[in-house]
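Going by this note's numbering, the first residue of the sequence shown is number -13, and it counts up by one from there. Where a beta carbon is used, it is the ideal one built from N, C-alpha and C, also for glycine. To start, the structure under review is shown below, and the notes come after it.
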Amino acid sequence: MATPKNKSQHQSLATDLISSIEAKLGEAGTATKKMKKSIEKSAEKLAKKLTKLMSKTEKKTDKSAKAVAKKAKKESNKAAKNAKKAAKNAKRAISKKVESAEKSEQTPATPAAQRTPARPATKPTSSSRTRPAQPKKPATAEPTPATDDTTQTA
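Next up, the structure:
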């Protein structure tokens, strides 16, 4: 374990495991030296694995908290930047309005007598081409059913 926090966590967990297992063994009967040694070894391994798992979950929560903080900071910077741009654009728009108002005051209005008369409206030419009227073709005379010999039955 690299950090002192993890090391102390590991040791306290191992001692808790050992004491609880020995307490259970004490109820069952006397434990030999060999059994005690085996229990200590197993408790150490288990404690090491458990502290590793706990540190991983702590790191995950730390990462997510850092990511949220980073995102909030980024959004606040973006909002400040957008507010600055909006103020700049508003200032520009106001100055344009002032300039256009000044220009309209400076240019003298031309009197009606000096203005050129408007052109008379001309008839718009159609863009589609007109065709000359073509003479109708004489219709072929079809025999009427009453005078037709082939269609009558006697």
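Confirm, please, whether the CB-CB distance from Leu(-1) to Thr37 is below 8 Å.
In this structure, Leu(-1) lies closer than 8 Å to Thr37 by Cβ.
In the structure shown, what three-state DSSP assignment does Gly12 receive?
helix
When we look at the beta-carbon of Leu3 and count the other beta-carbons within 10 Å, is it buried (16 or more) or exposed?
buried
If we count the other Cβ atoms within 10 Å of its Cβ and call it buried at 16 or more, is Ala29 buried or exposed?
By the C-beta density criterion, Ala29 is buried, having at least 16 other C-beta atoms within 10 angstroms.
Can you give me the C-alpha to C-alpha distance between Glu61 and Gln(-5), rounded to a whole angstrom?
38 Å
Residue burial classification, Ala33 (beta-carbon count within 10 angstroms, cutoff 16)
buried
Checking 8 Å against the spacing of the C-beta atoms, do Glu8 and Ile25 come in under that value?
yes
Please state the DSSP three-state secondary structure of Lys122.
coil
So, with DSSP's three-state summary, where would you put Thr1?
helix
Tell me whether the beta-carbon of Ser50 lies closer than 8 Å to the beta-carbon of Asn(-8).
no
Please classify Ile80 as buried or exposed, where buried requires at least 16 neighbouring CB atoms within 10 angstroms.
Ile80 comes out exposed.
Helix, strand or coil at Thr37 according to DSSP, with G and I counted as helix:
helix
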